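Contents: one structure, followed by commentary.
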Amino acid sequence: MSLRLAPSPADESAIVYEALAGDAAARTWIVRTYTPIVHRFAVRLLANEEDALDATQETMVKVLRNLDRYDASWRFATWVFGIARNTCVDEHRRRRRRPTSPEVEVADPTDSPLERTEREHRAMRLLDALARLPPLYREVVLLYHFEHFKYREIADVLGLPLGTVMNRIFRARQKLRILYDATELETGASP
Amino acid sequence: MTGHPSDERLERFVTQRLPSREVVAIARHLDDCPACALRARALDPLAPAFASVDDPPPPEGLERAILERASQPAAPVVPPWGMALALLAMAAGLLVALGDPAGLFATAGRAASSLVRTGGTLTGLLPSPPLVLAAGAAVGLASSLAAFGLLRPSREAP
Numbered sequence: 000m001s002l003r004l005a006p007s008p009a010d011e012s013a014i015v016y017e018a019l020a021g022d023a024a025a026r027t028w029i030v031r032t033y034t035p036i037v038h039r040f041a042v043r044l045l046a047n048e049e050d051a052l053d054a055t056q057e058t059m060v061k062v063l064r065n066l067d068r069y070d071a072s073w074r075f076a077t078w079v080f081g082i083a084r085n086t087c088v089d090e091h092r093r094r095r096r097r098p099t100s101p102e103v104e105v106a107d108p109t110d111s112p113l114e115r116t117e118r119e120h121r122a123m124r125l126l127d128a129l130a131r132l133p134p135l136y137r138e139v140v141l142l143y144h145f146e147h148f149k150y151r152e153i154a155d156v157l158g159l160p161l162g163t164v165m166n167r168i169f170r171a172r173q174k175l176r177i178l179y180d181a182t183e184l185e186t187g188a189s190p
Numbered sequence: 000m001t002g003h004p005s006d007e008r009l010e011r012f013v014t015q016r017l018p019s020r021e022v023v024a025i026a027r028h029l030d031d032c033p034a035c036a037l038r039a040r041a042l043d044p045l046a047p048a049f050a051s052v053d054d055p056p057p058p059e060g061l062e063r064a065i066l067e068r069a070s071q072p073a074a075p076v077v078p079p080w081g082m083a084l085a086l087l088a089m090a091a092g093l094l095v096a097l098g099d100p101a102g103l104f105a106t107a108g109r110a111a112s113s114l115v116r117t118g119g120t121l122t123g124l125l126p127s128p129p130l131v132l133a134a135g136a137a138v139g140l141a142s143s144l145a146a147f148g149l150l151r152p153s154r155e156a157p
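Which chain is which? The protein sequence lines are Y and S, in order.
Quick note on numbering: the first sequence equals residues 0 to 190 in numbering that gives the first Met the number 0.
Quick note on numbering: the second sequence equals residues 0 to 157 in numbering that gives the first Met the number 0.
Here you go:
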C-alpha cells in the first residue's frame with residue numbers, strides 16, 4: 000500500500016459507512032487515524048503551526064460532516080487529502096502568515112550523537128528548503144515523498160492529468176534539490 | 000511497458016532524463032509495482048534527507064476538539080448571493096413602504112391598462128394606501144427572512 004496507513008481499503012470503506020450511520024466508535028477511528036496524517040501534511044504545506052492546527056481541525060470536521068459525499072470507488076485517504084489540500088489553500092489565502100521555523104523531531108535512540116546531529120541537520124535543511132518551495136510544488140512533494148501517494152492518486156487529489164502531475168513532481172524535485180544545496184552553502188555544512 | 004525497468008532507466012526517470020511518453024509509462028508501472036516504486040524512491044538523490052524527517056505529532060486534545068466540534072450543528076453559512084438577495088428585498092420593502100405605493104401602482108396600472116386596453120380598471124382594484132404600505136413592509140421583511148432561511152444549517156462543501 001502506498002500511503003503510510005495500515006487498514007485495507009475494504010475495511011476502511013466499511014468503517015466509513017458505520018461512521019455515516021452514526022457509529023461513534025467509527026467516527027472516533029477516522030479522527031484518530033487521519034488527524035495526525037492531515038496535521039503533518041498541513042504543517043509542512045503551510046509551514047506555520049497555528050495555521051496548520053486550524054486547517055487540520057477544519058478538514059477533519061468537514062470530513063465527518065460530509066461522509067455521505069464520499070465515493071467508495073476512491074480510496075478514502077485520497078478523498079480526505081483532497082479536502083485537506085483545499086482547506087490548506089483556503090487557510091493560506093485567508094491568513095498569509097509568515098512561515099515559522101520548521102521543528103525537527105529526531106527520536107531514533109539507536110543513533111549515535113554524531114549520527115543524530117547529522118540526521119537533524121539533514122532534516123532541518125530539507126524542511127527549510129521545503130518551506131521555500133512554492134506551494135504548487137510543495138504539495139506534490141509532500142504527497143509523493145512524505146505521504147507515499149501513487150502518481151495517479153496525486154492526480155486525483157489535485158484534479159490534474161497524470162502527465163501534468165509528473166511534470167510538476169519533476170520540477171518540484173529539481174527546485175527542491177537546488178534549494179537544499181543552497182542551504183548547504185548558507186550553513187557551510189558538509190554533504 | 001513490459002517487465003520491470005532497469006536501475007539505469009529508473010535513475011533516468013528520477014532525474015528526468017527520459018522522453019515524456021516513457022515517463023508516463025514508467026509512472027504507471029510504479030503505481031502498480033510497489034517493489035519498483037521502492038527502488039525509484041531509493042534512487043532519488045534526496046532520499047537520505049527525506050528519511051531524516053520525522054513526523055510532527057498533533058497537539059494534545061486536537062482529536063477530542065474535532066469530535067466535539069463535529070458533533071455540534073454546523074454554523075449557518077452565508078453565501079454572497081443570499082446576503083445580496085436579503086438586502087435587495089429589504090430595499091424593495093422600504094421603497095414600497097416609504098415611497099408612494101398607491102401612485103406607483105397607479106402608474107403601473109395605467110401603463111398596463113394602456114397596453115392591454117382594459118381601460119384603467121387595474122388602479123381601481125388596488126387596496127387602500129395604508130394597506131399597501133403594511134403589505135410592502137411585510138413583503139420586505141418576509142423576503143429578507145426567506146433569504147436568510149435559505150441559509151439554514153447546511154452541509155459544508157468539502
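Ideal Cβ placement from N, Cα and C applies to all residues, glycine included.
Just so you know, these numbers come straight off a predicted model, no measurement behind them.
- Chain Y places a beta carbon closer than 8 Å to that of residue 66 of chain S, counting this residue as a contact.
- Rounded to whole angstroms, the Cβ separation of residue 77 of chain Y and residue 164 of chain Y is 13 Å, and the two are not in contact under 8 Å.
- Shown in chain order are the members of the segment 31 to 46 of chain Y whose Cβ falls below 9 Å from a Cβ of chain S: 31, 34, 35, 36, 37, 38, 39, 42 and 43.
- Secondary structure note for residue 30 of chain S: its alpha helix (DSSP H) is the uninterrupted segment 19 to 31.
- Proximity of residue 62 of chain S to chain Y, defined by a Cβ-Cβ separation below 8 Å, is satisfied.
- Residue 41 of chain S is outside the set of residues whose beta carbon lies under 8 Å from a beta carbon in chain Y.
- Considering only beta carbons, the part of the segment 17 to 33 of chain S lying closer than 8 Å to chain Y consists of 19, 22, 23, 26, 27, 29, 30 and 33, in chain order.
- Residue 46 of chain S is not a Cβ neighbour of residue 125 of chain Y, given a cutoff of 8 Å.
- Chain-ordered listing is empty here: chain S has no CB closer than 9 Å to the CB of residue 15 of chain Y, the nearest sitting near 14 Å.
- By the beta-carbon neighbour count (other beta carbons within 10 angstroms, threshold 16), residue 7 of chain S is exposed.
- Under the three-state reduction of DSSP, residue 150 of chain Y is assigned to helix.
- Scanning its chain for C-beta atoms nearer than 7 Å, with the 5 sequence neighbours on each side dropped, one finds around residue 137 of chain Y the residues 44 and 129, in chain order.
- With 16 or more other CB atoms across the displayed protein chains lying within 10 angstroms of its CB, residue 55 of chain S is buried.
- Where residue 68 of chain Y is concerned, there is no enclosing alpha helix (DSSP H), because DSSP gives it neither an H nor an E.
- Residue contact check for residue 55 of chain Y against chain S: a CB pair falls below 8 Å.
- Residues of chain Y with a Cβ closer than 7 Å to the Cβ of residue 47 of chain S are, in chain order, 121.
- At a cut-off of 8 Å, the C-beta of residue 54 of chain S has a neighbouring C-beta in chain Y.
- For a Cβ distance threshold of 7 Å, residue set 49 of chain S lies close to residue 144 of chain Y, ordered along the chain.
- In the pairwise beta carbon analysis, the segment 159 to 177 of chain Y is classified as touching the segment 15 to 33 of chain S: at least three pairs are separated by under 8 Å.
- Put simply, the backbone Cα of residue 134 of chain S is about 13 Å away from that of residue 89 of chain S.
- Of the residues Y:181, Y:37 and Y:72, the one whose Cα lies closest to the Cα of residue 127 of chain Y is Y:181.
- A Cβ-Cβ contact shorter than 8 Å links residue 152 of chain Y with residue 74 of chain Y.
- It is roughly 11 Å from the alpha-carbon of residue 88 of chain Y to the alpha-carbon of residue 51 of chain Y.
- When the beta-carbon positions are compared, residue 150 of chain Y and residue 29 of chain S come within less than 8 Å of each other.
- Rounded to whole angstroms, the Cβ separation of residue 29 of chain Y and residue 63 of chain Y is 7 Å, and the two are in contact under 8 Å.
- Taken in chain order, the unbroken stretches of alpha helix (DSSP H) that lie wholly in the segment 51 to 75 of chain S and span 4 residues or more are 61 to 70.
- Non-local C-beta neighbours of residue 82 of chain Y in its own chain, meaning closer than 7 Å and more than five positions away in sequence, comprise 58, 61 and 62, ordered along the chain.
- Neighbours of residue 149 of chain Y in chain S, taken as residues at a C-beta separation under 7 Å, are given in chain order as 30.
- In this structure, DSSP gives residue 130 of chain S a helical state, which the three-state scheme calls helix.
- Pairing residue 139 of chain Y with residue 175 of chain Y gives a Cβ-Cβ distance that is not under 8 Å.
- Using a Cβ distance threshold of 8 Å, residue 12 of chain S and residue 36 of chain S do not count as a contacting pair.
- For residue 4 of chain S, the closest Cβ of chain Y is not nearer than 8 Å.
- Residue-level contact by beta carbon fails for residue 80 of chain Y and chain S, as no gap is shorter than 8 Å.
- If one requires a minimum length of 4 residues, the alpha helix (DSSP H) runs lying completely within the segment 108 to 138 of chain Y are 112 to 131, in chain order.
- At a cut-off of 8 Å, the C-beta of residue 175 of chain Y has a neighbouring C-beta in chain S.
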